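> These protein sequence lines map, in sequence, to chains A and B. Quick note: the first sequence, position 257, residue 257 per my numbering, numbers continuous. Positions in the second sequence are counted from 1; adding 498 to them yields my numbering.
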Amino acid sequence: MHNHFLYTLLIGSALLVGCSAQPPKEFTEIDKKATTYPDFSNTTIPYNIAPLNFDYQMEGKQFITELKAEEQTLIMKGKQTDWKVKQWHNLLEANKGKKIEVITYVQTDKGWEKYRPTAWFIANEPIDPYISYRIIAPSYVTYEELSIRQRHIENFDEQIIYNNMLQGNDVDGQCINCHHYRNYKTDQMQFHVRQFKGGTMIVNGDEVRKINLKTDSTISAGVYPAWHPTHNLIAYSINDTGQSFHTKDNNKIEVQDLKSDLILYDIDNNEVSFIEHDTLEWEVFPAWSPDGKTLYYNSAHYEIQNYAGKEREIIDNYKDFKYNIYRKSFDPETLTFGPAEMVYDAASVGKSATLPRVSPDGRYLLFGMAEYGCFHIWHKDADLYMIDLKNNELKNLRTINSKDVESYHSWSSNGRWILYTSRRDDGGYTRLYIAYFDKNGRAHKPFILPQKDPYFYDDYYKSYNVPEYMLEPVTITPQEFARHIDQEAQQAKFRSTK
Amino acid sequence: MKTNNTKPKTQVKATIEESKLTRMPLIAGAAFAIITWALLNIFEHEFLYRVQELSLWLPTKVYFDERMMVPGGLMTYIACFLTQFFYYPMLGSLIYVALLIATQLLTQKVFAIPNSWTLLALIPSALILCCSMEVGYWIFQIKTQGYFYSMLVGFLFTLLAIRLYQVTKGWGRYVTVALIAAAGYPLFGFYALLALLTIIAFELASKERNIGLVLLCLAAGIATPILYYNVYEQTRFVRMFVAGMPAFQFIKRDLGTWVPYILLYLFPLVIPFIRFQCAKGHIQTKTRFITTQAIAIAVMVFVVQLFWFRDPNFRAEIKMNHAMERLEWRKVLDIAKSQEQTPTRLMVLNRNLALLKLGKAGDEMFHYLDGGEAPASPFEIRLMQVGGKMLYYHYARMNFCYRWCLEDAVEYGWKVDYIKYMVKTSIISGEYPLAMKYINTLKKTLFYKGWAEKYEKMIQSPELIAKDREFASILPLYQFENQLDGDNTLVEIYLLNYFAHTYNELNTPMFDEASLMCALTLKDIPTFWNCFFRYANSHKTSRMPTHYQEAALLYGNLEKNVDISKMPFDKSVKMRFQDFMRFSQKHAVKNVERDPEAKKLFYDRFGDTFWYFYFFIRDVKSY
Chain A
1 MHNHFLYTLL
11 IGSALLVGCS
21 AQPPKEFTEI
31 DKKATTYPDF
41 SNTTIPYNIA
51 PLNFDYQMEG
61 KQFITELKAE
71 EQTLIMKGKQ
81 TDWKVKQWHN
91 LLEANKGKKI
101 EVITYVQTDK
111 GWEKYRPTAW
121 FIANEPIDPY
131 ISYRIIAPSY
141 VTYEELSIRQ
151 RHIENFDEQI
161 IYNNMLQGND
171 VDGQCINCHH
181 YRNYKTDQMQ
191 FHVRQFKGGT
201 MIVNGDEVRK
211 INLKTDSTIS
221 AGVYPAWHPT
231 HNLIAYSIND
241 TGQSFHTKDN
251 NKIEVQDLKS
261 DLILYDIDNN
271 EVSFIEHDTL
281 EWEVFPAWSP
291 DGKTLYYNSA
301 HYEIQNYAGK
311 EREIIDNYKD
321 FKYNIYRKSF
331 DPETLTFGPA
341 EMVYDAASVG
351 KSATLPRVSP
361 DGRYLLFGMA
371 EYGCFHIWHK
381 DADLYMIDLK
391 NNELKNLRTI
401 NSKDVESYHS
411 WSSNGRWILY
421 TSRRDDGGYT
431 RLYIAYFDKN
441 GRAHKPFILP
451 QKDPYFYDDY
461 YKSYNVPEYM
471 LEPVTITPQE
481 FARHIDQEAQ
491 QAKFRSTK
Chain B
499 MKTNNTKPKT
509 QVKATIEESK
519 LTRMPLIAGA
529 AFAIITWALL
539 NIFEHEFLYR
549 VQELSLWLPT
559 KVYFDERMMV
569 PGGLMTYIAC
579 FLTQFFYYPM
589 LGSLIYVALL
599 IATQLLTQKV
609 FAIPNSWTLL
619 ALIPSALILC
629 CSMEVGYWIF
639 QIKTQGYFYS
649 MLVGFLFTLL
659 AIRLYQVTKG
669 WGRYVTVALI
679 AAAGYPLFGF
689 YALLALLTII
699 AFELASKERN
709 IGLVLLCLAA
719 GIATPILYYN
729 VYEQTRFVRM
739 FVAGMPAFQF
749 IKRDLGTWVP
759 YILLYLFPLV
769 IPFIRFQCAK
779 GHIQTKTRFI
789 TTQAIAIAVM
799 VFVVQLFWFR
809 DPNFRAEIKM
819 NHAMERLEWR
829 KVLDIAKSQE
839 QTPTRLMVLN
849 RNLALLKLGK
859 AGDEMFHYLD
869 GGEAPASPFE
879 IRLMQVGGKM
889 LYYHYARMNF
899 CYRWCLEDAV
909 EYGWKVDYIK
919 YMVKTSIISG
929 EYPLAMKYIN
939 TLKKTLFYKG
949 WAEKYEKMIQ
959 SPELIAKDRE
969 FASILPLYQF
979 ENQLDGDNTL
989 VEIYLLNYFA
999 HTYNELNTPM
1009 FDEASLMCAL
1019 TLKDIPTFWN
1029 CFFRYANSHK
1039 TSRMPTHYQE
1049 AALLYGNLEK
1059 NVDISKMPFD
1069 KSVKMRFQDF
1079 MRFSQKHAVK
1089 NVERDPEAKK
1099 LFYDRFGDTF
1109 WYFYFFIRDV
1119 KSY
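(1) Can the beta-carbon of residue 569(B) be found less than 8 Å from the beta-carbon of residue 601(B)?
(2) Secondary structure at residue 136(A), three-state DSSP: helix, strand or coil?
(3) Between residue 754(B) and chain A, is the shortest Cβ-Cβ distance under 8 Å, so that the two count as touching?
(4) Please classify residue 507(B) as buried or exposed, where buried requires at least 16 neighbouring CB atoms within 10 angstroms.
(5) Should residue 44(A) and residue 436(A) be called a contact, given that it needs their Cβ atoms to be closer than 8 Å?
(6) So the alpha helix (DSSP H) residue 1071(B) belongs to, where does it begin and stop?
(7) Can you find a C-beta in chain A that's less than 8 Å from the C-beta of residue 978(B)?
(8) Which partner residues of residue 225(A) appear in the DSSP bridge assignment?
(9) Considering only C-alpha positions, which residue in the set 715(B), 703(B), 1031(B) and 1028(B) is nearest to residue 690(B)?
(10) Strictly below 8 Å CB to CB, what residues from chain B border residue 138(A)?
(11) Any Cβ of chain B within less than 8 Å of the Cβ of residue 478(A)?
(12) So, residue 73(A) versus residue 102(A), is the Cβ gap smaller than 8 Å?
(13) Does residue 898(B) get closer than 8 Å to chain A when you measure Cβ to Cβ?
(14) Applying a beta-carbon distance threshold of less than 8 Å, which residues of chain B neighbour residue 371(A)?
(15) Could you check where the alpha helix (DSSP H) with residue 830(B) kicks off and where it finishes?
(16) Excluding the 5 residues preceding and the 5 following residue 63(A) in the sequence, name in chain order all residues of the same chain whose CB lies nearer than 8 Å to its CB.
(17) When burial is assigned at 16 or more other CB atoms within 10 Å of the CB, is residue 485(B) buried or exposed?
(18) Of the choices 420(A), 428(A) and 269(A), whose alpha-carbon is the least far from that of residue 233(A)?
(19) Which same chain residues, not among the five before or five after residue 726(B), have their C-beta less than 8 Å away from its C-beta?
(20) Between 748(B), 1045(B) and 849(B), which has its C-alpha nearest residue 1071(B)'s C-alpha?
(21) Please list the partners that residue 594(B) has in chain A, where partner means a Cβ-to-Cβ separation under 9 Å.
(22) Any C-beta of chain B within less than 8 Å: which residues of the segment 421–449 of chain A qualify?
(23) Assuming residue 688(B) and residue 741(B) form a contact by the criterion Cβ under 8 Å, report the distance between their Cβ atoms to the nearest whole angstrom.
(24) Can you grab the Cα-Cα spacing for the pair residue 519(B) / residue 606(B), in whole Å?
(25) Among all the DSSP beta bridges, which residues are the ones paired with residue 774(B)?
(26) Within 10 Å of its beta-carbon, does residue 1095(B) have 16 or more other beta-carbons around it, so buried, or fewer, so exposed?
(27) Suppose the cutoff is 7 Å on Cβ atoms and the five residues either side in sequence are ignored; what does the same chain contact list for residue 1014(B) look like?
(28) Measure the alpha-carbon distance for residue 1119(B) versus residue 321(A) and round it to whole angstroms.
(29) Find out if the Cβ-Cβ distance for the pair residue 284(A), residue 476(A) is shorter than 8 Å.
(30) What's the gap between the Cα of residue 531(B) and the Cα of residue 521(B)?
(31) Give a yes or no on whether the C-beta atoms belonging to residue 315(A) and residue 982(B) are separated by under 8 Å.
(32) Express the C-alpha separation of residue 1102(B) and residue 254(A) in angstroms, rounding to a whole number.
(33) Is residue 45(A) helix, strand or coil by DSSP?
(34) Residues of chain B with CB under 9 Å from residue 459(A), in chain order?
(35) Using a threshold of 8 Å, state whether the C-beta atoms of residue 419(A) and residue 131(A) are closer than that.
(36) For chain A, find out if any of its Cβ atoms is closer than 8 Å to the Cβ of residue 733(B); answer yes or no.
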């Protein structure tokens, strides 16, 4: 009883202290901004994003953070912020289209100091509430535990969509990759399972099927997918991929296609047909325009000189593989494609473009670019670029690029938030960044995907890759996926288009 | 338990009364502890140090959460926590034996083992010791984190859970069973199921058996893993029933490794059915008592030594590794010299690296036993896993060292050993933010904070890098141009070919020496001459070492492609070569290199020359 009273008193006192945190009345103004990790200062954020928790990387006895909006204020005491989700959202929602000042007070031996305020600009447009990504150690050849996960980015909830250890084991490893959704909805989605019990998992409404997309006429099963926005069709690149290792370069590894093509998979008829099948072209990364009438993709032109030593030649000449951006018109009724049309000749400027993705309004083409190759996650010079399809103007998105890798990118369904991967933090581990893209075609300062613990990324030894937006969560459980993966794969048929 | 109050048949013989043996558990436990602790410290302190290097414990939420993602997560967490104390082998082994004694005392209590049967209570501790010490080369490959302690922590939980069942009565026992299943299973995995099985055994062995409790245990034992399958999202259904057991496979190859585990798991299931014939008043003859104790001790010692992995090459590799970490290159050579059996390739490579570092390769590299004994491992082990990373690091193949640290970390779990190399390779490669990530991790460990801070200072002041003794000895080999390459996991073959066949203007004298060493090992004559002249060119002012002269003399005579007549060979080398030629003619037999007698004759006389290596060290397989 005595203890009970004591605990009540302690908890009560703690709450009182928490509630009563007030900015000091007397302080010295410091003309510099407070240093925090992560650095969220002066970014534009969606009103439905999870709290941006950060830690002050400064010495001080006490810290007070004040989020000051027009009519509301949120105050937090402590070196590390841990905003309550509900209070946070109330504040942000009430300040859509406005600015919130972030004011820092630090108590030192000299008394309280007030640092120069920074700001968060609250955009009017929300971000899609869910994202999914693959969690993978940034290893080279080996892998062990891999998972595709979904994150509710309005808070910190993360769930596993599928984990390869539910089926794979020490002897029979299982790789999983390329999760993809049709029109940001999860009732039509796919991901690949490689090696043990391999196949492409296709969710089509209530049906979950495992398909073997490798046919006698194609070089591999489907790899990079693009689900047609209006029809039950998926365009894939098919790739025969190899890896070799830099002995000194910080890029460390080259992932190269020894050959590649594009195919179209007709889900309803379980048929595969060629889109592009040219031995002089290395095609990859298909992406539909929002209306489904155009297919964008990358292709590098390379003529093998010595077929006997083809593999060695490709490895030795890895810098000669420069990918351009092409597009083809498409008639979904007849499943026919028009001729290839160059969209951006990256090779002509000594560059290589990858992963073209058209904004939901069809106006902008976002893509990655580096000196060579197509596997840019290992290329430190890889940056994001954009073409305004209205006037074909090319823009380096300097605001969102860094000295290190920027790679895989996605548009939110409203076209206002670019989600992409970057290795800017440490050069080795890929993290997710989000940047606001305004109506004037301007990208704003990005921010890292917020975590409850600001130092989460410091301690986390895995990379995030293939970030995709979703409007809703995947509701199929990992165990259900495991049961479907356990089944034999249905063999896709090959349909000749000649 | 039955009581037996019958008096001894004869009063003449010396007797021992059960009630007088109250100190027996402590005495036996203390003796076991002291002997085990002494053995571990005398023979295995280097191994124990390596065990903690191949483990990692961090006081972070991310680390804890990752452990808890599979059943038995807390057990692993505790096991990894305890493993780190082997950084000081004496302290670590003290904690280890203390827990073994706790296991013994708890076993005695839980199973009500009479004092005169104390040695029986030591069986689980002895089996746990077997489990820990049988590991050998598994330490590089086992995927069970905190392997060394996991079964000890798990079994202790089993005993505590049973004890909880024993001290509760009536409905409390049902609650206990539910608690063991619902809370124990997620935290300790299979060991919670073992506790449930043991409770069943106790109930079945009891006269007042509670069938309801038996059925509850049975249902809980089956249902718990099934229900939790829907909670844990990274464990296969069948693995749910064995979660927390060591990650050996259930195949013929691993059967031997499973034996102590199986015995350990059977122990609590069998003991409840034994009716000990000794109550407090029980008296037995001293002779009988001593005889049974002696037999029990003998059996225990036999079993423990049977499972205790004592391969000399394994121990030598571990010792060499530690010496190399401390840059004690002479000690590496001393270890190589003290070996009496054919070394593994790793030992040969370690030795050659030490010779290169000390500048003695040309004069001494054939003064040691050579060959290629396969590692004493029932499974395939790669040189990459046991020592390749260190070799790549010292031979300045930073990207390859980093790569294999990462690859093995992904497959076998993060370890201090890997992270240390990732710090060092990232610093040499100029990737300071990446190095800082790993440094920050090591700063959170109990024992590597100081180590990490040393390298943090280098990042803050990069001018310190070239001044560092370790880095200074590596940087001369880091002068090469980037290229795309691959090693196919064969470290030795890769290094031999790389150094023997690489030449560019960046090469340093140390690089040329490494090249020539590799050319000698390859026994490729044209390659040798290329490397030889390069070496001669970059070492103009110094004397040509003996082994290089020996090779030049031999190759010059075998193939007349290079005119060696004007080369300034040492008189002693020339005379010895003539002696070798005469000896060869005298003992010429068909396939002399495969004739054991001839081999011995040549070894006794020319075992310290390149010529012996060239003709008699054959069919060496790297791995």
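Glycine included, C-beta positions come from ideal geometry on N, C-alpha and C. Nothing here was measured: the structure is a model prediction, and the numbers come from that model.
Reading from the atomic positions:
(1) The residue you call residue 569(B) lines up with position 71 of the second sequence. The residue you call residue 601(B) lines up with position 103 of the second sequence. Cβ atoms of residue 569(B) and residue 601(B): not closer than 8 Å.
(2) Your numbering for residue 136(A) matches position 136 in the first sequence. DSSP places residue 136(A) in strand when its eight states are reduced to three.
(3) Here the question's residue 754(B) lines up with position 256 in the second sequence. No, because no Cβ of chain A sits closer than 8 Å to the Cβ of residue 754(B).
(4) Along the second sequence, read from residue 1 onward, the residue named residue 507(B) stands at position 9. Confidence at residue 507(B) is low in this model, with a pLDDT of 49, below 50, so its placement is unreliable and the value that follows should be read with caution. Exposed is the call here.
(5) The residue labelled residue 44(A) in the question sits at position 44 within the first sequence. The residue labelled residue 436(A) in the question sits at position 436 within the first sequence. Yes, they are a contact pair.
(6) Here residue 1071(B) is taken as the residue at index 573 of the second sequence, counted from 1. Here the alpha helix (DSSP H) through residue 1071(B) covers 1069–1084.
(7) Start at 1 with the first residue of the second sequence, and residue 978(B) comes out as number 480. Output row for residue 978(B): interface = yes.
(8) Position 225 of the first sequence, counting from 1, holds the residue named residue 225(A). DSSP, once it has assigned bridges, lists 236(A) as partnering residue 225(A).
(9) Along the second sequence, read from residue 1 onward, the residue named residue 690(B) stands at position 192. Among 715(B), 703(B), 1031(B) and 1028(B), the Cα nearest to that of residue 690(B) belongs to 715(B).
(10) Here the question's residue 138(A) lines up with position 138 in the first sequence. Ordered by position in chain B, the residues that pass the 8 Å Cβ test against residue 138(A) are 904.
(11) Locating residue 478(A) in the first sequence gives position 478, where the first residue counts as 1. True, the Cβ-Cβ gap to chain B drops below 8 Å.
(12) Residue 73(A) sits at position 73 when you count from the first residue of the first sequence. Residue 102(A) sits at position 102 when you count from the first residue of the first sequence. Cβ atoms of residue 73(A) and residue 102(A): not closer than 8 Å.
(13) To locate residue 898(B), count along the second sequence from 1; it is residue 400. With 8 Å as the cut-off, residue 898(B) counts as an interface residue toward chain A.
(14) Locating residue 371(A) in the first sequence gives position 371, where the first residue counts as 1. The premise fails here: residue 371(A) is roughly 14 Å from chain B at the closest Cβ pair, so nothing lies under 8 Å.
(15) Within the second sequence, the letter at position 332 stands for residue 830(B). Per DSSP, residue 830(B) belongs to the alpha helix (DSSP H) from 827–836.
(16) Position 63 of the first sequence, counted from the start, is the residue given in the question as residue 63(A). Within the same chain, residue 63(A) has close Cβ partners 56, 77, 78, 79, 104, 105, 106 and 107.
(17) Not covered by the structure: residue 485(B). The range shown for chain B is 499 to 1121.
(18) The residue labelled residue 233(A) in the question sits at position 233 within the first sequence. Here the closest residue by C-alpha is 269(A).
(19) By one-based count along the second sequence, residue 726(B) stands at place 228. Hits under 8 Å: 569, 683, 684 and 738.
(20) Within the second sequence, the letter at position 573 stands for residue 1071(B). Checking every option, the nearest Cα to that of residue 1071(B) belongs to 1045(B).
(21) Position 96 of the second sequence holds residue 594(B). The premise fails here: residue 594(B) is roughly 27 Å from chain A at the closest Cβ pair, so nothing lies under 9 Å.
(22) 425, 426, 427, 428 and 429
(23) Taking the first residue of the second sequence as 1, we reach residue 688(B) at position 190. Taking the first residue of the second sequence as 1, we reach residue 741(B) at position 243. Correct: roughly 6 Å between the Cβ atoms.
(24) Translated into the one-based positions of the second sequence, residue 519(B) becomes position 21. Translated into the one-based positions of the second sequence, residue 606(B) becomes position 108. Cα to Cα, residue 519(B) sits roughly 13 Å from residue 606(B).
(25) Walking along the second sequence from the start, residue 774(B) turns up at place 276. DSSP lists no partner for residue 774(B).
(26) Within the second sequence, numbered from 1, the residue matching residue 1095(B) stands at position 597. The residue in question, residue 1095(B), is exposed, as its Cβ has fewer than 16 Cβ neighbours within 10 Å.
(27) For this step, residue 1014(B) is matched to residue 516 along the second sequence. Here the set comprises 1029, 1030, 1033 and 1046.
(28) What you label residue 1119(B) is simply residue 621 of the second sequence in a count that begins at 1. What you label residue 321(A) is simply residue 321 of the first sequence in a count that begins at 1. Near 39 Å, if we compare the C-alpha coordinates of residue 321(A) and residue 1119(B).
(29) As a working note, residue 284(A) is residue 284 in the first sequence. As a working note, residue 476(A) is residue 476 in the first sequence. In this structure, residue 476(A) does not lie closer than 8 Å to residue 284(A) by Cβ.
(30) Working through the second sequence from its first residue, we reach residue 531(B) at position 33. Working through the second sequence from its first residue, we reach residue 521(B) at position 23. Going by the C-alpha atoms only, they are around 15 Å apart.
(31) As a position in the first sequence, residue 315(A) is number 315, starting the count at 1. As a position in the second sequence, residue 982(B) is number 484, starting the count at 1. In contact: residue 315(A) and residue 982(B) (Cβ atoms closer than 8 Å).
(32) Sequence index remark: in the first sequence, residue 254(A) carries index 254 (1-based). Sequence index remark: in the second sequence, residue 1102(B) carries index 604 (1-based). Answer to the nearest angstrom: the Cα atoms are 51 Å apart.
(33) Start at 1 with the first residue of the first sequence, and residue 45(A) comes out as number 45. It is a strand residue.
(34) Sequence index remark: in the first sequence, residue 459(A) carries index 459 (1-based). Per Cβ cutoff of 9 Å: 556, 558, 559, 560, 561, 938, 939 and 942.
(35) Indexing the first sequence from 1 puts residue 419(A) at position 419. Indexing the first sequence from 1 puts residue 131(A) at position 131. In this structure, residue 131(A) lies closer than 8 Å to residue 419(A) by Cβ.
(36) Start at 1 with the first residue of the second sequence, and residue 733(B) comes out as number 235. Yes, because at least one Cβ of chain A sits closer than 8 Å to the Cβ of residue 733(B).
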